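If you read the first sequence in my numbering, its first letter stands for residue 1, the second for the next number, and so on. Built from N, CA and C at the ideal position, the CB exists for glycine as well. As the structure is a computational prediction, the values presented were derived from the model and not from experiment.
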Amino acid sequence: MELEQLEENIYQIPKTGEMNKPARIYANDKLLKEIKNDDTLQQVKNMATLPGLEKFSIVMPDGHQGYGFPIGGVAAVNKENGVISPGGIGYDINCGVRVLKTDLTYEEIKGKEQQLANILYNKVPCGLGKGGYIDVDEDELDEILDKGMEWMLENDHATEEDLKHCEENGRLKCDPNKVPSDAKKRGIKQVGSLGSGNHFLEVQRVENVFNEEKAEAYGLEEEQILVMIHSGSRGLGHQTCTEYLREFEKNYPEIVENLPEKELIYAPLGDDLAQDYKNAMFAAANFAWANRQGITQAVRESLDTLFGDTEAELVYDVCHNIAKEETHEVDGEEKELLVHRKGATRAMPSGRPEVPEAYSEAGQPVLLPGSMGTSSYILSGGQKSLELSFGSTAHGAGRLKSRTQSKKDYRAADVQRELKRDQIFVKAASGETIEEEAPGSYKDIDEVIKVSDELGIGEKVVQMRPIVNVKG
DNA sequence: ATGTTC
């Protein structure tokens, strides 16, 4: 495949054939080599054929092959002749990350790691089919789909400060009636549940501060204990995606036929089906925010139980699987766009309306988890992200090996023992998950962060080190 | 990612 280097960390596949625009890869040599190991480049090239695409299709430094779009894919389309593609959002609608800052220091939890792992594991429903922390009936679920975090606030599961520190204040305007009934059936018992796979709950310690000013704005300092939550819309989002994919395929046979790959299926934004999916997707996003809020409440209860009266305030909550309506400058003109981010995190710099008031100077916190054996980072949205990536950066380390390969290469007990040697305590519902998520299955997060920072799309603020990791 | 191959 033809690939030209434009400048450091920026590669481009020129526009040829069916492509509407060029395709871009943001990576350094090491990550690019890994990206070349699967179909990611072909997929980012396929993305460039989307109708209404603006500027270029993009894959982030943590990119790897996915369903239709690669994970790490960003595609912005205009409202006039653009499309919406479920493969550009992902099965786990509003899969995302939130970080809580506590008033605890590492000194205070040292020696109690195992206890902490146990209590979190017992309090937060982990794995598949374990129920939710918050019980809701059908009417309440409909309200959650409509109001997201606002419902949590009204029902004493959230504070006003929580809402202020959440992307979109935890609510996107939508029509919850567009969520399939089978999706609701799955979601009703999953409000406040972690799930499985790469989802986790991690107690971390702030190890390095790179930008004192921004760290202070985010309320972070060295040795402070943070809690990172990575989860999404569970079975509800999955079912929603599945059913709309089926509808899209049924309704657009002529589109399917002309696609470079069937999984790239989309609907023209002007069509009712596109709007129905958008409404359902936004409702699932609201559900995911309520879900992460439910987990937050379980974490707060766990910390209070073990350490007495503690504070655990939301720093930020940001999704990395969603399409958003945003205004961006293209060729000197402000345009209304739909920005697909699939395994890519919004990273808005100061001055943008999306940035919460508390962070208007520092820019939006960007939360990037590493693997369970490596660092995670908090970045700030960089000015260059508007020019290079429609206000986006990577979403984490990114997989290096498939789940199947990982299960062949690792034994759960060995992984767990090695991590414990590094003072990282892992508690999981299933050994298979530990194997799938072994640190060796992931790319080097430090390299991903380096590319983001050097490009100026997301800039380093703090680095965290894992202490306790709880997963499905 | 997922009541993990409705």
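Taking the beta strand (DSSP E) that residue i falls in, what are its first and last residues?
i, result
"T105", "G96 to T105"
"Q224", "Q224 to S231"
"I445", "That residue, I445, is in no beta strand (DSSP E); its alpha helix (DSSP H) goes I445 to L455."
"T16", "Careful: T16 lies outside any beta strand (DSSP E) and carries neither H nor E."
"E2", "Note, E2: premise wrong, no beta strand (DSSP E); not H, not E."
"F200", "F200 to V209"
"R417", "Not the beta strand (DSSP E): R417 falls in the alpha helix (DSSP H), residues A412 to R421."
"L367", "P365 to L368"
Does the beta carbon of residue i fall short of 6 Å from some heavy atom of the ligand SAM?
i, result
"G170", "With respect to the ligand SAM, the structure shown offers nothing to examine, as it has no ligands at all."
Quick check on residue i: buried or exposed, where buried means 16 or more other Cβ atoms within 10 Å of its Cβ?
i, result
"R341", "buried"
"E435", "buried"
"E329", "exposed"
"R352", "buried"
"G270", "exposed"
"N321", "buried"
"A413", "exposed"
"N286", "buried"
Taking the continuous alpha helix (DSSP H) assigned at residue i, which residues delimit it?
i, result
"P253", "P253 to N258"
"I10", "Per DSSP, I10 belongs to no alpha helix (DSSP H); it is in the beta strand (DSSP E), I10 to I13."
"V299", "D272 to F307"
"A117", "E113 to K123"
"A183", "S181 to G187"
"R403", "R403 to D409"
With a threshold of 6 Å on Cβ separation, who are the neighbours of residue i within its own chain once the five nearest residues in sequence on each side are excluded?
i, result
"A358", "none"
"E150", "R171"
"E4", "Q12"
"M152", "A158, A290 and Q293"
"R24", "Q12, F56 and I58"
"E18", "T49"
"S371", "A397, P439 and Y442"
"K112", "none"
"Q463", "E207, N208, S375 and Y377"
"G237", "D92, I93 and A284"
What does DSSP give as the partner residues of residue i in its beta bridges?
i, result
"R341", "V74 and I322"
"F425", "V468"
"V64", "Note on residue identity: the sequence assigns His, not Val, to residue 64. According to DSSP, H64 bridges with I71."
"V462", "V209 and I378"
"V330", "E333"
"P268", "V83"
CA-CA distance, residue i and residue j?
i, j, result
"W289", "G232", "8 Å"
"I71", "V315", "25 Å"
"K21", "Y410", "41 Å"
"K335", "E354", "16 Å"
"A183", "R465", "36 Å"
"G68", "L120", "36 Å"
"F390", "A347", "9 Å"
"K45", "G382", "26 Å"
"V415", "I229", "21 Å"
"D304", "Y266", "47 Å"
"E138", "L128", "21 Å"
Kindly list the residues whose CB is nearer than 7 Å to the CB of residue i, restricted to its own chain and excluding five residues on each side of it in sequence; keep chain order.
i, result
"Q239", "P180, D182, A183 and R186"
"K407", "E432, E435 and E436"
"Q115", "L306"
"A298", "K123, V124, Y133 and G192"
"M474", "What the structure shows of the chain is the stretch from 1 to 472, and residue 474 is not part of that stretch, so it cannot be assessed."
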